[in-house]
Amino acid sequence: MPNAPIQALTRDGHYLPVINVTDSRFAVPDDPDSLRKLLDAAREEERRNRRIPKFIMRWLLKSAAKHSLLLQPLLAGNATFLDGMSTYLMKLGADNLVPPYDSPMDRRAAASPNLTLLRLRTQQVARLIADAVAAELAQAAAAPLHLINIAGGPAIDSLNTLLILNRAHGDLLRRKIVVHVLDLDEAGPFFGNNALAALIKDGAPLAGLDVDFEHRRYDWHEPAPLGALLRELGAADAIVAASSEGGLFEYGSDAAVLANLEALRAGDVKLVAGSVTSSNETHRRQITASRFKLVPRGLERFAPLAARAGYRIAQAETVLLSDQVLLRPL
20 MPNAPIQALT RDGHYLPVIN VTDSRFAVPD DPDSLRKLLD AAREEERRNR RIPKFIMRWL
80 LKSAAKHSLL LQPLLAGNAT FLDGMSTYLM KLGADNLVPP YDSPMDRRAA ASPNLTLLRL
140 RTQQVARLIA DAVAAELAQA AAAPLHLINI AGGPAIDSLN TLLILNRAHG DLLRRKIVVH
200 VLDLDEAGPF FGNNALAALI KDGAPLAGLD VDFEHRRYDW HEPAPLGALL RELGAADAIV
260 AASSEGGLFE YGSDAAVLAN LEALRAGDVK LVAGSVTSSN ETHRRQITAS RFKLVPRGLE
320 RFAPLAARAG YRIAQAETVL LSDQVLLRPL
């Protein structure tokens, strides 16, 4: 029997598994055939739901929320965004849920195509950064590595970047590493810090690495603290990569996205990854029916915005709900 997944403590006192996309229990199959089947299932689910009268759908959702802690943040309250820990729970997968988030309705929701696509989003962003930063690490053996995560909550994409790198290029991580989470949220970074502590314990996947986790309260409408941090890291000749999975590029205004990308470009950050909300008709319908204020830019609106800040889309992984991008300087 394989060992149980590593767990970490949340701020509200629950222990949750730490997502590790190098572990088959958390990884989402993304070969062409598996991906096609997943996207077909997501489209079919959306078509099926669209055929249900709205008043019946409201009743079904209200009933589901009574039996699923996992779904309650989606279906109740007035928040215009999904907080970091609620999003994290939805990425665990049906087989990795733990009490009190493991009712039959929770498991059914976690196995749905849309939540599986959320899991894939994390996996793709982490791989984009890991693959790109490996070359930088190989060229600068002594330089510290700093991963900046904007609106990252628990920064699970950054932690998985390290897990992927350690699996494929463990020797390249024998250096000082810092994960910087820039977020107004407190609960997500609290869990992320505990998750890292669990991952670097003896016998754990990142054991032996010198990794710190730093949280700074950050409002992406005021990017001056990001600029200050980048000046510090530039003075230290550090390798810096930035990401924002499910954050800035999905919820931020054009002005906020541009200001943050300009700060990253001014700080000479050569690698930026994140998820961009898709603009396809299917996802637009889902957004219209939701209270969350996602901005469905798609690559066609995001690319010129990034270009204004001095970045180009070097690579993109396109799925139904979002486009995962890797940006490099023009």
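Residue numbers (my numbering): 20 to 349. Note that the Cβ used here is the ideal one computed from N, Cα and C, for glycine as well.
Within its own chain, the residues whose Cβ lies closer than 7 Å to the Cβ of A60, once the five positions on either side in sequence are excluded, are P132, listed in chain order. Secondary structure of N22 (DSSP, three-state): coil. Judged by beta-carbon spacing, G286 lies beyond the 8 Å limit of E264, meaning their Cβ atoms are not closer than that value. Note that the C-beta distance between A129 and L111 is below 8 Å. Straight-line measurement puts the Cα of R55 at about 25 Å from the Cα of L108. Inclusion of A46 and V40 in the CB contact set at 8 Å is warranted, their separation being smaller than that value.
With respect to the C-alpha of A84, the residue from L182, N115, R127 and R66 having the closest C-alpha is R127.
By the neighbour-count criterion, in which 16 or more other beta carbons inside 10 Å mark a residue as buried, R316 falls on the buried side. The bridge partners DSSP lists for K195 are D229. Put simply, the backbone Cα of L290 is about 20 Å away from that of R193. Closest in C-alpha terms to L178, from the list H199, Y330 and L116, comes H199.
Only buried fits P224, as 16 or more other CB atoms lie within 10 angstroms of its CB. Contact holds between the segment 169-184 and the segment 201-213, because three or more Cβ pairs, one in each stretch, are under 8 Å apart.
The DSSP-derived three-state label of D52 is helix.
Leaving aside the five residues that flank G207 on each side, the residues in its chain whose CB is nearer than 6 Å to its CB run, in chain order, G103, M104, G172 and P173. CA-CA distance, N115 to Q334, rounds to 31 Å.
In the structure shown, the three-state DSSP call for T29 is coil.
In this structure, the straight-line span from the alpha carbon of R347 to that of L324 is close to 13 Å.
Rounded to whole angstroms, the Cβ separation of L318 and I332 is 7 Å, and the two are in contact under 8 Å.
Taking every protein chain shown into account, the CB of G271 has 16 or more other CB atoms within 10 angstroms, so this residue is buried.
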